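In order, the protein sequences belong to chains A and B. Numbering follows numbering that gives the first Met the number 0, with no gaps: position 144 of the first sequence is 143. Numbering follows numbering that gives the first Met the number 0, with no gaps: position 49 of the second sequence is 48. For every residue, glycine included, the Cβ atom is placed at its ideal position computed from N, Cα and C. Please read these numbers as outputs of a predicted model, since none were measured by experiment.
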Amino acid sequence: MSVKKTKTNGQTGNGQARTPAGRTAARAAWEEQFAAGAKRPGAIDRTISDHPLQPLYGPDDVAGLDYERDLGYPGQYPYTRGIHATMYRGRLWTMRQFAGFGTAKQTNERFHFLLSQGQTGLSVAFDMPTLMGYDSDHPRALGEVGKCGVAVCTLQDMQDLMAGIDLGRISTSMTINCTAPIALAMYIVCAEEQGVPQERLTGTLQADILKEYIAQKEWIYPPEPSLRIVTDMMAYCSRHVPKWNTISISGYHIREAGSTAVQELAFTLADGFAYVEAGIAAGMDVDQFAPRLSFFFNAHSDFFEEIAKYRAARRIWARHMRERYKAKDPRSWTLRFHTQTAGCSATAQQAENNIMRVAFQALAAVLGGTQSLHTNSLDEVLALPTQKNAQIALRTQQIIAYETGVSNVIDPLGGSYYVEKLTSEMEEQAERYFERIRELGGVIPAIHAGFFQREIADASYRYQREIESGERIIVGVNEFVQEEEEQIPLLKIDREVELEQCRRVQAFRAARDPEATRAALDRLVEAAKSGANLMPHYIDCVRNKATLGEISESLVPIFGRYREPAVI
Amino acid sequence: MARPIRILVAKAGLDGHDRGAKVIARALRDAGCEVIYTGLHQTPEQVVEAAIQEDVDGIGLSVLSGAHMTLFPRIKQLLVENGAQDIVLFGGGTIPAEDVKPLLDAGVAAVFTPGTPIAAIIDFVRRECGKRVGA
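Following this line, the structure appears as structure tokens:
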């Protein structure tokens, strides 16, 4: 399973022999001085992820690297320095702010505002009931409608959400997983009515169901049938929606759930390999679907560790895709990714300080070569962002892009002793995790065994204890605390939103042809039983005005409902 | 020697954010409590039923989905209806400061907002839920 690398110890990158005696003397002198020098109380010799750190990195730490084998030029295998030859000299990353709240109409207004402010792509946040397959008027949706995102349970909702937006021109990312094929079906039908054929659609579905069981915990069916649904969608899109990114394999939620950077890296890529294996097992050629897989990572606060993580991710993916899965198309080797700054690092205390945290995290994402970026708003620790705070977050990206100069040179930290060493160490540690997952029988058996869940819970508890003990300082929380905090104005979702949305769903159901809806749902159920590709049937259901809740529920008798082994 | 304090750590609604709940569950366990974790996606009815069945001294409810104004009062109401109002209901999550007072008025014993030291939660549990152990 692991990809072999040959080491060339004792050689520098350009092949010159070292002069051990001279270097050792200078090095020894520094080591002596360092050992005898001042010790700052509270200095930490580990990253935020508990990865051990040296006080200094030097030529010895990168002696095993071979430039072309391990780094390569941008746009060249193994893509450590970036996936495009031109990177941000060619085009900047996409500034894609995640937005969604209340009703489709309210979110549509926010979309128009963000586009008018220079945002270059859309990203939809759905509410919890939509993410879990419940219509807004379901008893389990009570109190949750429009809270964490926008409620979309009918074709009408999708049409209102995208009103006045040309779906042939804008790319849309939808953060949705177990109900992803329904959202895609709604988007396809909505575009069709705008006169845009599905072949022209560009965008991304998260649809990363494996990480739901690992971290985000929004599911309907057990992992096995869920993976089949994702595979059906990959196969359908490779034929009919060729420019669509079918899965955004996500480390973001794994990290938010409390994992370390290495766990985020390893578990995410392991999920990616599981999708590749599922696609191959379903009879597809790897190059038929792998170019449409993309990734989604977190940008946490440990600056260099994050940069190393993105670089390592590209190298690992390239090596495994070419060497292990025998992909021939270079687009299958390249790891494209979206980044979002770490929500879990934001503090409610002195919330304005989150602007600075976000700026550093976003800078790390850019130095790590991200393809698109969401910067969190300062108030997201307490509520969905206000328009003002969403604007500051977008401006943060624009300042990085246009004022700091970091976009002028490709992979400017490439060759840094520290960054290169950390990149290699993270790759090695990820390989060790792949080995452990393989020993457990693969990703799905490891989920059933609670392996990922326990690893993450251990890491998050360790981190929390470090904060509790004051060993790790969080500004404004356990140090530099302000007694009287000023309250920041927050976005409120009116209770009226829920009532309004429930009325809309009920009116939608009342206005359709119930026979046609029933027949479409029956055809979906038959396809689920027969093993046919489900995606055309999801589209058929949407066309015949079945709601998201009805479509999701219709498959429960066949696929079952997932119950998690509760691990603490 | 009194018996250990028993706490039900609960996740209600559709919210899947279980990081905080798990950290609190472990911390309370390390502090000597007996901890039962409901797992995710429980209805208020299921939470209250589990609390009564397990004869816990307190329920720690974690809500990060914005549904706290619905879930906390509903659970409190069900506790009262089932004659279990002596079970201490407390909780936390992404709860804006202005929502804290209405929740306290609705009978929630304490609301811990983001950044609360765990030690403060443990102190609260020992003090308030401990009363039930002593009785």
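Residue environment for P73 of chain A: buried (at least 16 other C-beta atoms within 10 angstroms of its C-beta). By the Cβ criterion, the stretch 158-167 of chain A is in contact with the stretch 103-110 of chain A, since at least three pairs of Cβ atoms, one from each stretch, lie closer than 8 Å. For the pair Q339 of chain A and Q396 of chain A, the Cα-to-Cα distance works out to about 12 Å. By the rule that beta-carbons nearer than 7 Å mark a contact, L39 of chain B touches chain A. For the options A:K528, A:V380, A:A206, the alpha carbon positioned closest to that of L226 of chain A is the one of A:A206. In this chain, the alpha helix (DSSP H) harbouring Q396 of chain A covers 386-401. For a cut-off of 8 Å, the C-beta gap from A9 of chain B to V46 of chain B is around 5 Å, short enough to register as a contact. Residues G57, A108, E127, C128 of the same chain have their beta carbon placed closer than 6 Å to that of V87 of chain B, with the five preceding and five following residues left out of the count.
Distance between M233 of chain A and L489 of chain A, taken at the CA atoms: about 39 Å. When 7 Å is used as the limit between beta carbons, V22 of chain B is near these residues of chain A: S459, Y460, Q463, in chain order. According to DSSP, A98 of chain A shares a beta bridge with A:V123. Using beta-carbon distances, K210 of chain A does not count as an interface residue toward chain B, since no partner is under 7 Å. By the criterion of a C-beta distance shorter than 6 Å, R139 of chain A is surrounded in its chain by Y133, once the five residues flanking it on both sides are discounted. In the three-state reduction of the DSSP assignment, R39 of chain A falls in the coil class.
At least one CB atom of chain B sits nearer than 7 Å to the CB of T346 of chain A.
Taking a C-beta cut-off of 8 Å against chain B, the contacting residues of the stretch 122-135 of chain A are M127, P128, L130, M131, Y133, listed in chain order. With a 10 Å radius around the Cβ and a threshold of 16 neighbouring Cβ atoms, M173 of chain A comes out buried.
Following the DSSP letters along the chain, one finds S553 of chain A inside the alpha helix (DSSP H) bounded by residues 547-553.
From the listed residues B:E80, B:P95, B:H67, the smallest Cα separation to E485 of chain A is found for B:P95. When Cβ-Cβ separations below 7 Å define contact, V149 of chain A makes no contact with chain B.
For secondary structure counted as the alpha helix (DSSP H) over 4 or more consecutive residues, the stretch 65-103 of chain B holds these complete runs in sequence order: 67-80. For S61 of chain B, no CB of chain A lies under 7 Å from its own CB, so it is not counted at the interface with that chain. Each residue's CA atom was taken as its position, placing C540 of chain A and G548 of chain A some 12 Å apart.
Taking a contact to require three or more Cβ pairs closer than 8 Å, the stretch 290-297 of chain A and the stretch 347-356 of chain A do not qualify as touching. Across the structure, A260 of chain A and M425 of chain A are spaced so that their CA atoms are roughly 9 Å apart. In this structure the stretch 359-374 of chain A touches the stretch 90-98 of chain A; the number of beta carbon pairs closer than 8 Å is three or more. Positions of the alpha helix (DSSP H) runs, each at least 4 residues long and wholly inside the stretch 449-490 of chain A, are given as 450-467 in order along the chain. Scanning chain B for C-beta atoms nearer than 8 Å to the C-beta of V476 of chain A yields G114, reported in chain order. DSSP places T85 of chain A in the coil class of the three-state scheme, outside both helix and strand. Residues of chain A with a Cβ closer than 9 Å to the Cβ of L88 of chain B do not exist; the shortest Cβ-Cβ separation is about 17 Å.
G65 of chain B and T93 of chain B have their C-alpha atoms spaced approximately 7 Å apart. Taking 7 Å as the cut-off, the Cβ atoms of Q193 of chain A and V240 of chain A do not count as close.
Ranking A:V195, A:Y186, A:L91, A:E31 by CA distance to the CA of V365 of chain A puts A:L91 first.
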